[in-house]
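With my numbering, the residue at position 437 of the sequence shown is 492, and numbering never jumps.
This report concerns only the one structure given below.
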Amino acid sequence: MATSSLISSGASLFFNKISQKDAGVSPAQVITTSIQQKKILSVMAPQTSERKPSTTGSVKTGMTMTEKIFARASEKSKVSPGENVWVNVDVLMTHDVCGPGAIGVFKKEFGDNAKVWDSEKVVLIPDHYIFTSDERANRNVDILRDFANEQNIKYFYDITDRGNFKANPDYKGVCHIALAQEGHCRPGEVLVGTDSHTCTAGAFGQFATGIGNTDAGFALGTGKLLLKVPPTLRFVLDGEMPDYLLAKDLILQIIGEISVSGATYKAMEFVGSTVESLSMEERMTLCNMVVEAGGKNGIIQADATTFKYLEDKTSVPFEPVYSDTQARYVAEYRIDVTKLEPLVAKPHSPDNRGLARECKDVKLDRVYIGSCTGGKTEDFLAAAKVLLASDDKVKVPTFIVPATQKVWMDLYTVPVPGSGGKTCSQIFERAGCEPPNSPSCGACVGGPLDIYARMNEPQVCLSTTNRNFPGRMGNKEGQIYLASPYTAAASALTGLVTDPREFMH
Ligand code: SF4
Numbered sequence: 056m057a058t059s060s061l062i063s064s065g066a067s068l069f070f071n072k073i074s075q076k077d078a079g080v081s082p083a084q085v086i087t088t089s090i091q092q093k094k095i096l097s098v099m100a101p102q103t104s105e106r107k108p109s110t111t112g113s114v115k116t117g118m119t120m121t122e123k124i125f126a127r128a129s130e131k132s133k134v135s136p137g138e139n140v141w142v143n144v145d146v147l148m149t150h151d152v153c154g155p156g157a158i159g160v161f162k163k164e165f166g167d168n169a170k171v172w173d174s175e176k177v178v179l180i181p182d183h184y185i186f187t188s189d190e191r192a193n194r195n196v197d198i199l200r201d202f203a204n205e206q207n208i209k210y211f212y213d214i215t216d217r218g219n220f221k222a223n224p225d226y227k228g229v230c231h232i233a234l235a236q237e238g239h240c241r242p243g244e245v246l247v248g249t250d251s252h253t254c255t256a257g258a259f260g261q262f263a264t265g266i267g268n269t270d271a272g273f274a275l276g277t278g279k280l281l282l283k284v285p286p287t288l289r290f291v292l293d294g295e296m297p298d299y300l301l302a303k304d305l306i307l308q309i310i311g312e313i314s315v316s317g318a319t320y321k322a323m324e325f326v327g328s329t330v331e332s333l334s335m336e337e338r339m340t341l342c343n344m345v346v347e348a349g350g351k352n353g354i355i356q357a358d359a360t361t362f363k364y365l366e367d368k369t370s371v372p373f374e375p376v377y378s379d380t381q382a383r384y385v386a387e388y389r390i391d392v393t394k395l396e397p398l399v400a401k402p403h404s405p406d407n408r409g410l411a412r413e414c415k416d417v418k419l420d421r422v423y424i425g426s427c428t429g430g431k432t433e434d435f436l437a438a439a440k441v442l443l444a445s446d447d448k449v450k451v452p453t454f455i456v457p458a459t460q461k462v463w464m465d466l467y468t469v470p471v472p473g474s475g476g477k478t479c480s481q482i483f484e485r486a487g488c489e490p491p492n493s494p495s496c497g498a499c500v501g502g503p504l505d506i507y508a509r510m511n512e513p514q515v516c517l518s519t520t521n522r523n524f525p526g527r528m529g530n531k532e533g534q535i536y537l538a539s540p541y542t543a544a545a546s547a548l549t550g551l552v553t554d555p556r557e558f559m560h
């Protein structure tokens with residue numbers, strides 16, 4: 056049998072790391088080789104998604120999607136994991152927290168009068184500490200504005216009237232969601248950003264990763280970065296998604312399996328019938344949290360779903376890449392999603408996996424639905440679906456923070472399926488949730504004391520965000536359980552960590 060190391064009972068039945076230990080199976084089952092030349096064996100793969108072995112008698116080497124993007128961006132015909140290459144950047148994003156630092160590096164190294172390498176490839180998105188009276192936070196947005204004016208930056212999503220975000224049509228909100236909604240995420244390209252969750256954009260079949268302010272300062276001046284080509288881990292997710300699961304459960308399953316360091320400086324490539332069935336927003340959730348496993352990037356190949364999403368968002372031509380059948384992977388994991396159950400990550404680490412139903416005695420003080428991970432339109436539709444299934448009101452304060460201005464609009468206009476035309480906002484109001492707040496990162500990362508829904512007391516919070524380290528949402532003694540929007544809504548209804556199946560029949 057395949058090797059497994061698991062913390063949830065029974066999980067080995069559906070999560071297999073395929074390794075050299077599986078010698079002795081028929082050659083037809085040998086589907087790839089790793090960079091250490093381990094044999095990787097398929098244990099649970101449906102035939103449809105299994106790749107063919109070489110028929111030449113020798114193993115041809117190919118490239119993964121990530122390697123192909125590196126090769127193209129470095130103007131080489133081939134690259135290999137571990138190689139350092141100069142990469143041409145397609146999009147550089149920075150926000151109000153890191154932008155001033157990156158701009159400072161740029162000015163120091165290139166001079167006060169220097170111009171950025173391409174004013175149409177730099178995207179400035181204030182999103183973190185916006186609705187606050189904190190002067191330093193406000194000044195950071197001012198610095199972005201000055202820089203945007205000075206450099207004639209085409210894509211600056213400004214906010215000047217903090218009292219009414221709707222009076223700022225340019226203002227978007229959380230950078231990773233805004234990047235997608237505004238058409239900056241394109242297959243085959245290189246997108247870097249001064250935020251670790253820039254990996255979200257891997258959902259579009261592009262190489263997307265977080266960088267530091269020094270690298271960003273350099274890239275602002277040159278449009279280039281020296282990057283090491285990451286080796287790739289392959290995750291094959293197959294099976295019809297149970298209707299009580301969301302992509303958040305899938306990524307919590309994976310992080311719980313491989314740990315917060317299990318993918319350190321590796322690409323995490325997601326394939327399989329389940330992934331193919333996911334919407335773009337769900338794919339973004341999957342890629343969003345690869346950095347919680349140490350991943351350099353997450354990546355999903357572009358397909359009809361991707362192209363449809365992009366149809367009305369960009370006119371920039373792009374060229375998708377696809378992994379070769381002989382591409383080399385460090386390891387391959389196979390997951391039968393039909394066997395999974397709703398999960399949480401318990402305090403204080405995203406890999407502290409537990410079944411939601413096994414945490415049913417955990418009393419909550421609050422529920423938070425928001426962020427780049429769990430504050431998208433579909434996340435709120437999912438939460439509303441659970442609330443709709445109950446006549447009850449929420450038992451604990453339940454905070455609603457849409458990621459972007461578009462998501463905020465959707466809460467008031469998009470009908471929730473099966474509700475007879477009700478919107479999320481109507482369902483949230485009936486259930487007694489707090490009114491939707493202004494779009495931003497909100498309390499996801501704590502921030503200044505007056506940030507909406509910041510956890511200023513040592514409370515227990517169930518959150519659709521992506522990190523639960525001590526102090527992440529404010530108070531250092533606070534406890535954060537990470538979960539899907541389904542689980543968040545179910546837990547809000549009971550005031551305890553609750554498996555959403557209790558409300559979804
Ligand atoms: S929502 Fe949270 S995780 Fe996402 S960019 Fe903002 S602070 Fe970071």
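Even glycine gets a Cβ: it sits at the ideal position worked out from N, Cα and C.
Since we're looking at a predicted model, the values are computed, not measured.
Nearest-angstrom Cα separation, counted from Ala222 out to Glu190:
21 angstroms
Could you check whether Val449 and Val515 sit closer than 9 angstroms to each other, using their CB atoms as the reference points?
no
Mind reading off the beta-carbon distance from Cys496 to His183? Whole number of angstroms is fine, and I expect it under 8 angstroms.
5 angstroms
Simplified DSSP assignment, three categories, for Asp293:
strand
Going by C-alpha to C-alpha distance, which of Val469, Pro503, Val451 and Gly476 sits closest to Cys488?
Val451
Tell me whether Asn219 counts as near the ligand SF4, meaning its Cβ is closer than 8 angstroms to at least one heavy atom of that ligand.
no
If I follow the unbroken beta strand (DSSP E) through Gly353, where does it start and stop?
Asn352 to Ile355
Suppose only complete runs of 4+ residues qualify. What are the alpha helix (DSSP H) ranges in the region 420 to 473, listed by chain order?
426 to 429, 432 to 443 and 460 to 468
C-alpha distance - Val171 paired with Asp447, whole-angstrom precision:
55 angstroms
Enumerate in chain order the residues of its own chain whose CB-to-CB distance from Ala203 is below 6 angstroms, with the five nearest sequence positions on each side excluded.
Leu179 and Phe211
Please go through the region 470 to 540 and give each complete alpha helix (DSSP H) segment of 4 or more residues, from N-terminal end onward.
479 to 486
Looking at the unbroken alpha helix (DSSP H) that takes in Thr277, where does it start and where does it end?
Asn268 to Thr277
Any beta carbon from chain B within less than 9 angstroms of Tyr423's own beta carbon?
Chain labels in this structure do not include chain B; a single protein chain is all it has.
Buried/exposed call for Ser129, threshold 16 Cβ in 10 Å
buried
Alpha carbons only, please: which of Glu244, Phe259, Ala263 and Val245 is nearest the one belonging to Thr253?
Ala263
Could you compute how far the alpha carbon of Ser480 sits from the alpha carbon of Lys394?
33 angstroms
Straight-line Cα distance separating Ala192 from Ile309
35 angstroms
Give the straight-line distance between the Cα atoms of Lys107 and Asp216, rounded to the nearest whole angstrom.
At Lys107, the pLDDT of 48 sits below 50, so the modelled position is not reliable; the number obtained from the coordinates is stated separately. C-alpha separation (whole angstroms): 58 angstroms.
Counting Cβ pairs, one atom from each stretch, are 3 or more of them under 8 angstroms apart for the region 148 to 168 and the region 283 to 297?
no
By alpha-carbon positions, which one of Pro405, Arg338 and Leu398 ends up nearest to Glu413?
Leu398
Quick one: using the 10 Å Cβ neighbour count with 16 as the cut-off for buried, is Phe259 buried or exposed?
buried
Taking the alpha carbon of Phe640 as the reference point, which residue from Asn143, Pro297 and Glu336 has its own alpha carbon closest?
Nothing can be reported for residue 640: it is not among the residues displayed for the chain, which extend from 56 to 560.
Confirm the yes/no value for this check: CB of Val500, any heavy atom of the ligand SF4, distance under 8 angstroms.
yes
Given a cut-off of 9 angstroms on the beta-carbon distance, is the pair Val441 and Asn268 in contact?
no
Per DSSP, what are the beta-bridge partners of His150 in this structure?
Ile180
Can you list, in chain order, the residues of its chain with a C-beta nearer than 6 angstroms to that of Arg556? Leave out the 5 residues immediately preceding and following it.
Tyr299
Compute the beta-carbon to beta-carbon distance between Thr361 and Gly425, rounded to the nearest angstrom, for a pair I have assumed lies under 8 angstroms.
Going by Cβ atoms, the distance from Thr361 to Gly425 rounds to 25 angstroms, so no, they are not a contact pair.
With H, G and I counted as helix, E and B as strand and the rest as coil, what does DSSP make of Met120?
helix
Using a Cβ-Cβ cutoff of less than 8 angstroms, which residues in the same chain neighbour Lys227 once the five nearest sequence positions on both sides are dropped?
Ile180, Asp182, Tyr212, Ala233, Gln236, Glu237, Thr459, Gln460, Lys461 and Pro494
Would Leu305 and Val392 qualify as a contact pair, given that the criterion is a beta-carbon distance under 9 angstroms?
yes
When DSSP labels each residue in this structure, what does Phe558 get in the three-state scheme?
coil
For Leu504 versus Arg522, is the C-beta spacing smaller than 9 angstroms?
no
Would you say Asp250 touches the ligand SF4, meaning its beta carbon is less than 8 angstroms from a heavy atom?
yes
Any heavy atom of the ligand SF4 inside 8 angstroms of the beta-carbon of Asn521?
yes
Which residue's Cα is closest to the Cα of Pro286: Ala256, Gln261, Met323 and Asp270?
Met323
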